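The sequence shown begins at 274 in the numbering used here and counts up one residue at a time. Built from N, CA and C at the ideal position, the CB exists for glycine as well. It should be emphasised that the depicted structure is a prediction, and the values quoted were computed from it without experimental measurement. Everything on this sheet refers to the single structure shown next.
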Amino acid sequence: MLHETFLLQAGGTGQAQLINFAFIAAMFLVFWLLILRPQAKRQREQKGFLDGLEKGQEVITASGILGKITKIEDNIITLEVASKVYLRITRNAISKELTDSFYGAGTKS
């Protein structure tokens, strides 16, 4: 009888390990779906945006400076931030393009 009880407990341990493994795999899947996948998508979109920058585009830097692209040299971009005021920044410092939705309707100059 003691020998049978031991075999039943040993069989239950394997099943518990399988359930634990399934739970950990499910947690990893949820982590991937909610965090890693959307982050990778945003990175791809940002890289595509940075690769497609053109002269004349109005952009916002990561620090919040608004400007118009006047010159692009490899990874250095020159922004006109006011009349005859230029800033040279790296391409990675640009955060996003200005849109009408950023300014609100009719306030973009």
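Does DSSP put residue i in a helix, in a strand, or in coil?
i: Ile362; result: strand
i: Ala335; result: coil
i: Lys344; result: strand
i: Lys314; result: helix
i: Gly321; result: helix
i: Leu326; result: coil
For the alpha helix (DSSP H) that residue i lies in, which residues bound it at each end?
i: Leu352; result: Looking at the DSSP string, Leu352 is not in any alpha helix (DSSP H); the run it does join, the beta strand (DSSP E), is 349 to 355.
In the DSSP assignment, the beta strand (DSSP E) including residue i goes from what residue to what residue?
i: Glu221; result: It is not possible to answer for residue 221, since the shown part of the chain is limited to 274 through 382.
Report the residue from the options whose alpha carbon sits nearest the alpha carbon of residue i.
i: Lys320; options: Gly337, Ile342, Asn348; result: Asn348
i: Ser368; options: Glu353, Lys341, Val332, Gln288; result: Val332
i: Leu339; options: Gln288, Val354, Gly329, Ile345; result: Val354
Does the Cβ of residue i lie closer than 7 angstroms to at least one heavy atom of the ligand ATP?
i: Thr286; result: No copy of the ligand ATP appears in this structure; indeed no ligand is present at all.
Practice task
Take every Cβ of the stretch 359 to 367, pair it with every Cβ of the stretch 322 to 331, and state whether three or more of those distances are shorter than 8 angstroms.
Solution key: yes
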